[in-house]
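These notes are about the structure you will find just below.
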Amino acid sequence: MAPTGRLIVVSNRLPVTVRRQRTGIGLSESSGGLASGLKSYLDRHPGIWVGWPGIAADLLTAGQRQQVAERLSARDCRPVFLSRRLVTDFYLGFANRALWPLAHYFTQYPVYSQSQWQAYQQGNELFSEAALGEAAQDDVIWVHDYHLMLVPEMLRRERPKQRIGFFLHIPFPDFEVFRQLPWRSEILAGLLGADVIGFHTESDRRHFADCLERLLGLTVSKNRVAVSGRWVTLGVYPMSIDWRRFADAGGLPAVRRQIANLRRQLGERRLVLSLDRLDYSKGIPRRLEAYGRFLKSHREWHGKVTLVAVTVPSRQEVGEYESLRRTVAERVGEINGQFSTLGWVPIWYLHRSVPFELLCALYRLAEVALVTPLRDGMNLVAKEYVASQSDGQGVLILSETAGAAVELDRALIVNPFDLDQVAATLATALDMPLAERQERNAAMQAHLAEATVETWAASFLADLDRT
Ligand code: GDG
């Protein structure tokens with residue numbers, strides 16, 4: 004059921020990124036699951052998107068900001084301008100140096116800084132004000148992700164009757180981990196401004212409910228909690244993908260050209276794919292090490308398999324990401340140095356974003372996708388890979404610690420910390436009979452064809468509409 008009123012989506016990033024060019028202002032599509040997924044929903048329903056256009060406001064003149072606002076308005080987007088200081092302390096700071104590592108169980112990484120916490124509050128105020136400037140009383144405001152956890156409560160203070168939803172795209176950690184956060188109660192109270200709080204998985208919801216009970220003394224019953232005379236619903240909505248976009252991509256001439264080109268380069272070699280944002284939560288160094296162990300114990304595959312490892316640059320200003328980049332480059336170098344022959348390089352390493360057509364060609368050609376994050380809210384790459392197997396050939400190896408493992412249970416599920424298991428599973432995948440591969444894919448595809456990003460958004464909004 005579609006909600007009455009308009010939908011106001013509020014997220015850190017807009018689906019459009021603004022860049023300064025010599026000729027003026029340039030706009031490009033933002034990549035990423037939330038952007039492409041919700042955009043396809045908003046294309047079909049009236050609404051507006053409030054978010055940061057990806058460039059610090061200080062880098063633009065007043066005239067350029069005006070120009071950005073006008074051009075974004077034509078795309079139903081409303082920019083929130085963040086100063087360079089807020090980009091550093093709110094976005095790269097509190098959101099990505101405290102909340103992100105904590106939610107992914109990297110408990111030694113978080114930096115807890117009072118000034119970054121203040122910047123987080125200020126940043127959240129700016130998004131909240133922008134949303135209030137757009138929203139009429141009967142509109143629905145849907146706030147997204149860990150950057151904006153205080154926004155629901157900020158909105159609620161101004162609009163007691165507004166329908167407000169919040170969806171968390173990353174894991175909600177266990178109580179013992181979450182309690183580390185000095186501002187844990189403030190974050191929980193911020194979220195409770197929403198009518199519906201959505202999570203990818205049941206275990207995220209359980210962790211959150213546990214924190215409400217143990218840190219705030221609230222009682223959660225039947226996935227609802229009473230807060231100041233209102234009910235807040237805690238729901239599970241596993242996010243998904245634009246299924247048709249990936250299932251049909253193999254038919255696009257540009258994708259077919261990329262497939263033919265890749266096939267020529269690979270010859271008879273089998274392609275194993277590793278593709279993620281370069282993020283420590285994705286487990287890339289361990290995955291490479293597991294591949295190295297596979298090569299060591301399976302010499303029969305030497306010269307017959309190529310790992311294409313794509314790492315998309317991300318949050319480069321944060322120290323941990325820079326050292327991860329060096330670690331990954333070193334590990335690739337070590338494995339290639341140890342195993343290459345004059346005619347064969349075991350890893351092709353691309354440290355950049357690839358265009359959609361090449362992404363789809365890699366999905367189609369890869370006989371195995373190694374998706375082994377140490378912790379992941381959902382992981383849309385796993386779903387996109389399965390959707391792309393129109394001939395049912397590819398084998399997905401997936402971490403048990405990715406939210407996607409709940410639904411994609413016919414993948415080969417591994418513990419990403421058990422490198423010998425990952426190496427052995429890669430050998431199993433490469434040897435798997437075609438009938439078994441097809442049977443596994445068919446089961447997962449039947450689910451993905453039903454549970455799309457459209458049904459994800461619709462089921463969240465239907466619950467919000469009922470409140
Ligand atoms: C967060 C959570 C959750 C990647 N490389 C390229 C490219 N991509 C696209 C993929 C996919 C998206 O980016 C990545 O989504 P993931 O879900 O895998 O990972 P995060 O970016 O960490 O997303 C995650 C998600 O939010 C949604 O809730 O699943 O757990 O961490 O759509 O296709 N696209 C192109 N070139 C690339 O090189 N064109």
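Going by the working numbering, the first residue of the sequence shown is number 4, and it counts up by one from there. Built from N, CA and C at the ideal position, the CB exists for glycine as well.
For this session: Look up residue 410 in the DSSP assignment and say whether it is helix, strand or coil.
Result: Counted from its first residue, the sequence shown places residue 410 at position 407. It is coil, neither helix nor strand.
For this session: My understanding is that residue 11 touches residue 144, with C-beta atoms under 8 angstroms, so please give their C-beta distance in whole angstroms.
Result: Taking the sequence shown and counting its residues from 1, one reaches residue 11 at position 8. Taking the sequence shown and counting its residues from 1, one reaches residue 144 at position 141. That pair is a contact at about 5 angstroms.
Problem set entry | Residues that residue 400 bridges to, as DSSP identifies them | Residue mapping note: residue 400 aligns to position 397 of the sequence shown, counting from 1. Residue 400 pairs with 373 and 415.
For this session: May I ask you to check if the CB of residue 150 is nearer than 6 angstroms to at least one heavy atom of the ligand GDG?
Result: Within the sequence shown, residue 150 is the residue found at index 147, counting from 1. It does not: the Cβ of residue 150 is nowhere closer than 6 angstroms to a heavy atom of the ligand GDG.
Exercise. When you compare only the Cα positions, how much space is there between residue 197 and residue 379?
Worked result: On the sequence shown, position 194 is the one that residue 197 refers to. On the sequence shown, position 376 is the one that residue 379 refers to. Approximately 24 angstroms between the Cα atoms of the pair.
For this session: Give the single residue among 373, 393, 390 and 397 whose Cα lies nearest to the Cα of residue 403.
Result: Walking along the sequence shown from the start, residue 403 turns up at place 400. Of 373, 393, 390 and 397, the residue nearest in Cα terms is 373.
Problem set entry | DSSP state of residue 309 mapped onto helix, strand, coil | For this step, residue 309 is matched to residue 306 along the sequence shown. Looking at residue 309 - three-state DSSP - the assignment turns out to be strand.
Exercise. Between which two residues does the beta strand (DSSP E) harbouring residue 474 extend?
Worked result: Beyond the ends of the chain as shown, which are 4 and 470, falls residue 474; an answer cannot be given.
Exercise. With C-beta atoms as the reference, is residue 56 less than 7 angstroms away from residue 33?
Worked result: Taking the sequence shown and counting its residues from 1, one reaches residue 56 at position 53. Taking the sequence shown and counting its residues from 1, one reaches residue 33 at position 30. Contact flag unset, no.
Exercise. DSSP state of residue 221, grouped into three classes?
Worked result: To locate residue 221, count along the sequence shown from 1; it is residue 218. Correct three-state label for residue 221: coil.
Exercise. Just how far apart, CA to CA, sit residue 189 and residue 167?
Worked result: Within the sequence shown, numbered from 1, the residue matching residue 189 stands at position 186. Within the sequence shown, numbered from 1, the residue matching residue 167 stands at position 164. Looking at the two C-alpha atoms, the distance is approximately 18 angstroms.
Problem set entry | CA-to-CA distance, residue 90 to residue 340, given in whole angstroms | Locating residue 340 in the sequence shown gives position 337, counting from the first residue. Locating residue 90 in the sequence shown gives position 87, counting from the first residue. Taking the straight line joining both Cα atoms gives about 39 angstroms.
Exercise. Between residue 4 and residue 407, what straight-line distance do the alpha-carbon atoms span, to the nearest angstrom?
Worked result: Stepping through the sequence shown from its first residue, residue 4 is reached at position 1. Stepping through the sequence shown from its first residue, residue 407 is reached at position 404. Residue placement at residue 4 cannot be trusted, given a pLDDT of 48 that sits under 50; the coordinates are not used to answer.
Problem set entry | Between the CA atoms of residue 434 and residue 461 - distance to the nearest angstrom | Counting from 1 along the sequence shown, the entry for residue 461 is found at position 458. Counting from 1 along the sequence shown, the entry for residue 434 is found at position 431. Roughly 40 angstroms between the two C-alpha positions.
Exercise. For the ligand GDG, any of its heavy atoms closer than 6 angstroms to the Cβ of residue 27?
Worked result: Numbered from 1 along the sequence shown, position 24 holds the residue referred to as residue 27. No - the ligand GDG has no heavy atom lying nearer than 6 angstroms to the Cβ of residue 27.
Exercise. Roughly how many whole angstroms lie between the Cα atoms of residue 28 and residue 382?
Worked result: The sequence position of residue 28 within the sequence shown is 25, counting from 1. The sequence position of residue 382 within the sequence shown is 379, counting from 1. Distance between the alpha carbons of residue 28 and residue 382: 32 angstroms.
For this session: Starting from the C-beta of residue 364, find all residues in its chain whose C-beta is less than 6 angstroms away, skip the five residues before and the five after it, and write them out in chain order.
Result: Mapped onto the sequence shown, residue 364 falls at position 361. Counting only Cβ-Cβ distances below 6 angstroms, and skipping sequence neighbours, we find 258, 261, 262 and 265.
Exercise. Just checking, does the region 280 to 293 make contact with the region 239 to 258 on the three C-beta pairs under 8 angstroms criterion?
Worked result: no
For this session: Could you tell me which of 288, 50, 13 and 67 sits nearest to residue 26, measuring between CA atoms?
Result: Position 23 of the sequence shown, counted from the start, is the residue given in the question as residue 26. The shortest C-alpha separation from residue 26 is found at 67.
Exercise. Roughly how many angstroms separate the alpha carbons of residue 149 and residue 445, rounded to a whole number?
Worked result: The sequence position of residue 149 within the sequence shown is 146, counting from 1. The sequence position of residue 445 within the sequence shown is 442, counting from 1. Using only the alpha carbons, I get a separation of about 34 angstroms.
Exercise. Which first and last residues belong to the alpha helix (DSSP H) in which residue 126 is found?
Worked result: As a first step, residue 126 must be located in the sequence shown, where it is residue number 123. It spans 117 to 137 - the alpha helix (DSSP H) in which residue 126 sits, taken as one unbroken run.
Problem set entry | Continuous alpha helix (DSSP H) assignments of at least 4 residues falling wholly in the region 237 to 321 | 246 to 250, 256 to 269 and 287 to 300
Exercise. For residue 173, does the three-state DSSP call read helix, strand or coil?
Worked result: In the sequence shown, the residue the question calls residue 173 occupies position 170. Reduced to three states, the DSSP call for residue 173 is coil.
Problem set entry | Continuous beta strand (DSSP E) stretch holding residue 52: start and end | Reading the sequence shown from its first residue, position 49 is the one you call residue 52. Residue 52 -> beta strand (DSSP E) spans 50 to 55.
Exercise. Could you give the residue range of the alpha helix (DSSP H) that holds residue 82?
Worked result: Taking the sequence shown and counting its residues from 1, one reaches residue 82 at position 79. Where residue 82 is concerned, there is no enclosing alpha helix (DSSP H), although the beta strand (DSSP E) it sits in stretches over 80 to 82.
Exercise. Going by the beta-carbon positions, is the gap between residue 362 and residue 311 smaller than 7 angstroms?
Worked result: In the sequence shown, the residue the question calls residue 362 occupies position 359. In the sequence shown, the residue the question calls residue 311 occupies position 308. Against a cut-off of 7 angstroms, the Cβ pair of residue 311 and residue 362 comes out as no contact.
Exercise. Between residue 456 and the rest of its own chain, which residues show a CB-CB distance below 6 angstroms, the 5 nearest in sequence each way excluded?
Worked result: As a working note, residue 456 is residue 453 in the sequence shown. So the qualifying residues of the chain are 40, 243, 244 and 245.
Problem set entry | With 16 other Cβ atoms within 10 Å as the buried cut-off, status of residue 316 | Counting from 1 along the sequence shown, the entry for residue 316 is found at position 313. Counting Cβ neighbours within 10 Å, residue 316 comes out exposed, since fewer than 16 surround it.
Exercise. Under the criterion of a Cβ to heavy atom distance below 6 angstroms, does residue 382 qualify as lining the ligand GDG?
Worked result: Sequence index remark: in the sequence shown, residue 382 carries index 379 (1-based). Yes - the ligand GDG has a heavy atom lying nearer than 6 angstroms to the Cβ of residue 382.
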